[in-house]
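Undergrad: Would you mind keeping the following structure in view while I ask a few things?
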């Protein structure tokens, strides 16, 4: 039986007090956060996700290029749109393309449509905690990297003055967060992220959930004109998922962070490796040339296939491994496309 958490409004007094009391240097560097607060890489503790806020607040982003008049989101991601405001009499200097011809014909006087800039561009983060994410050979599990990346992105969105929401899922449950602004909107998300990295043995052994199932639920959280961020290893991506992503892409911008372990990108150096899930153990012998070649071919084929699928859907792709510094990665791939000019 699936457990569903639907979170829209919550009182997180203890978490908020924790946030207010854990104030050290206002210019804390990312590596200092890592050194002081990061855990052993198996579980993402709530404290470490909260402390990433301080790092984000201390960083000034310098978006490349000039601001686009239609909005403050730079790059190939769409800028803020323009909402219809009213119809009024034509005035000298008004653009002809904004003429309201029906009202003009009915009244006999020229009228134009007036638009105003959208006030915000919500960001919704979909983070995958399927059993395949509870895996890692160095530094941290993929699930922990995903939680840290989600937290960094969420704090960045709040800093930029927009709303952030999310949908997190595992094989046995999912949690929905309507987009909200300010710290109070992020804190329940962080608590949920920590929860998903601490799965029980039963949850880790459950049948993985297809991404398509979650994308159907996503329509309750996201509205047209949003930025959708996907954080996953994409083992659960199927043909049905592509159909839903194509539909979402027609009304939203989508950015995909592909969470990988190094062993999923290329075979390790030639020798024998014992691989276990805690119950069973197999030996992977990469010293055998045939094994190494087949392994490398599988890795390259899967990455290439995923990149091509996302490119066909016009979804931007970013690869993330455990040894990548997440702070500059976020600055390079997300804020410069999102920061205010």
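Residue numbers (the working numbering): 314 to 654.
Heads up, the beta-carbon is just placed ideally off N, CA and C, and yes, glycines get one too.
These figures come from a predicted structure and were not determined experimentally.
1. For residue 491, report the span of its alpha helix (DSSP H) as first-last.
2. Are the beta-carbon atoms of residue 484 and residue 444 separated by less than 8 Å?
3. Please work out which residues of its chain come closer than 6 Å, Cβ to Cβ, to residue 548, disregarding the five sequence neighbours upstream and downstream, and give them in chain order.
4. DSSP three-state label for residue 425, please.
5. For residue 526, which of helix, strand or coil comes out of DSSP?
6. Jot down the residue ranges of each uninterrupted beta strand (DSSP E) in the stretch 537-600, minimum 3 residues, whole runs only, in chain order.
7. What span of residues does the alpha helix (DSSP H) with residue 608 cover, start to end?
8. Specify, as a first and last residue, the run of the beta strand (DSSP E) that residue 256 falls within.
9. Take residue 639 and list the residues in its own chain whose beta-carbon comes closer than 7 Å to its own, dropping the five residues that flank it on each side.
10. Would you mind reading off the limits of the alpha helix (DSSP H) that contains residue 516?
11. Checking the sheet assignment: what are the DSSP bridge partners for residue 480?
12. If you draw a straight line from the alpha carbon of residue 643 to that of residue 560, how long is it in whole angstroms?
13. If you count every other CB in all the chains shown that lies within 10 Å of the CB of residue 565, and 16 or more means buried, which is it?
14. I need the boundaries of the beta strand (DSSP E) containing residue 645, first residue and last residue.
15. Quick one: residues in its chain with C-beta nearer than 7 Å to the C-beta of residue 482, no 5 flanking neighbours on either side, listed in chain order?
16. Going straight from the alpha carbon of residue 415 to that of residue 426, what length do you get?
17. Just the C-alpha distance for residue 457 and residue 602, rounded to the nearest angstrom, thanks.
18. When you compare each of 580, 536 and 520 to residue 437 by their alpha carbons, which one comes out closest?
19. Suppose contacts are defined by Cβ-Cβ distances below 8 Å. Is residue 546 in contact with residue 571 by that definition?
20. Who are the Cβ neighbours of residue 587 in its own chain at under 7 Å, not counting the five residues just before and after it?
21. What's the C-alpha gap between residue 534 and residue 490?
22. How far does the beta strand (DSSP E) with residue 633 in it extend, from its first residue to its last?
23. Run the CB neighbour count on residue 421, radius 10 Å, all protein chains shown included, and call it buried at 16 or more, exposed below.
24. For residue 609 versus residue 569, is the C-beta spacing smaller than 8 Å?
25. Taking 8 Å as the threshold (C-beta atoms), are residue 544 and residue 623 in contact?
26. For residue 399, I'd like the list of residues in its chain whose CB is within less than 6 Å of its CB, leaving aside the five on either flank, ordered along the chain.
27. Could you check the C-alpha separation between residue 502 and residue 525 for me, to the nearest Å?
TA: Looking at the atomic coordinates:
1. As a working mapping, residue 491 is identified with position 178 in the chain shown. Per DSSP, residue 491 belongs to no alpha helix (DSSP H); it is in the beta strand (DSSP E), 486-493.
2. Position 171 of the chain shown holds residue 484. Position 131 of the chain shown holds residue 444. Closer than 8 Å, so yes.
3. By one-based count along the chain shown, residue 548 stands at place 235. The answer, listed in chain order, is 445.
4. In the chain shown, counting from the first residue as 1, residue 425 sits at position 112. Residue state, collapsed to three classes: strand.
5. Here residue 526 refers to the residue found at position 213 when the chain shown is read from its first residue. Of the three classes helix, strand and coil, the one that applies to residue 526 here is helix, per DSSP.
6. 540-545, 566-573, 585-589 and 594-598
7. The residue you call residue 608 lines up with position 295 of the chain shown. From DSSP, the alpha helix (DSSP H) with residue 608 extends over 602-625.
8. Within the shown structure, residues of the chain are numbered from 314 to 654, placing residue 256 beyond reach of any answer.
9. In the chain shown, the residue the question calls residue 639 occupies position 326. Same-chain partners within the cutoff: 461, 462 and 465.
10. As a position in the chain shown, residue 516 is number 203, starting the count at 1. Element bounds for residue 516: 514-517.
11. In the chain shown, the residue the question calls residue 480 occupies position 167. Looking at the DSSP assignment, residue 480 forms a beta bridge with 439 and 489.
12. As a position in the chain shown, residue 643 is number 330, starting the count at 1. As a position in the chain shown, residue 560 is number 247, starting the count at 1. Each residue's alpha carbon lies about 26 Å from the other.
13. Taking the first residue of the chain shown as position 1, residue 565 is located at position 252. Buried is the call here.
14. Your numbering for residue 645 matches position 332 in the chain shown. Residue 645 -> not in any beta strand (DSSP E); alpha helix (DSSP H) instead, spanning 639-646.
15. Stepping through the chain shown from its first residue, residue 482 is reached at position 169. Here the set comprises 441, 442, 522 and 527.
16. On the chain shown, residue 415 is found 102 positions in, with the first residue counted as 1. On the chain shown, residue 426 is found 113 positions in, with the first residue counted as 1. If you take the alpha carbons of residue 415 and residue 426, they lie about 11 Å apart.
17. Looking up residue 457 in the chain shown gives position 144. Looking up residue 602 in the chain shown gives position 289. C-alpha separation (whole angstroms): 33 Å.
18. As a first step, residue 437 is located in the chain shown; it is residue number 124 there, counting from the start. For residue 437, the nearest C-alpha among the options comes from 536.
19. Position 233 of the chain shown, counted from the first residue, corresponds to residue 546. Position 258 of the chain shown, counted from the first residue, corresponds to residue 571. Yes, they are a contact pair.
20. By one-based count along the chain shown, residue 587 stands at place 274. Once the five neighbours on either side are set aside, the close Cβ partners of residue 587 are 594 and 596.
21. For the purposes of this step, residue 534 is identified with residue 221 of the chain shown, where counting begins at 1. For the purposes of this step, residue 490 is identified with residue 177 of the chain shown, where counting begins at 1. C-alpha separation (whole angstroms): 7 Å.
22. As a working mapping, residue 633 is identified with position 320 in the chain shown. Start and end: 629-634.
23. One-based indexing of the chain shown puts residue 421 at position 108. So residue 421 ends up on the exposed side.
24. Position 296 of the chain shown, counted from the start, is the residue given in the question as residue 609. Position 256 of the chain shown, counted from the start, is the residue given in the question as residue 569. Cβ atoms of residue 609 and residue 569: not closer than 8 Å.
25. Reading the chain shown from its first residue, position 310 is the one you call residue 623. Reading the chain shown from its first residue, position 231 is the one you call residue 544. Cβ atoms of residue 623 and residue 544: not closer than 8 Å.
26. In the chain shown, counting from the first residue as 1, residue 399 sits at position 86. Closer than 6 Å at Cβ, skipping near neighbours: 427.
27. Locating residue 502 in the chain shown gives position 189, counting from the first residue. Locating residue 525 in the chain shown gives position 212, counting from the first residue. Approximately 22 Å between the Cα atoms of the pair.
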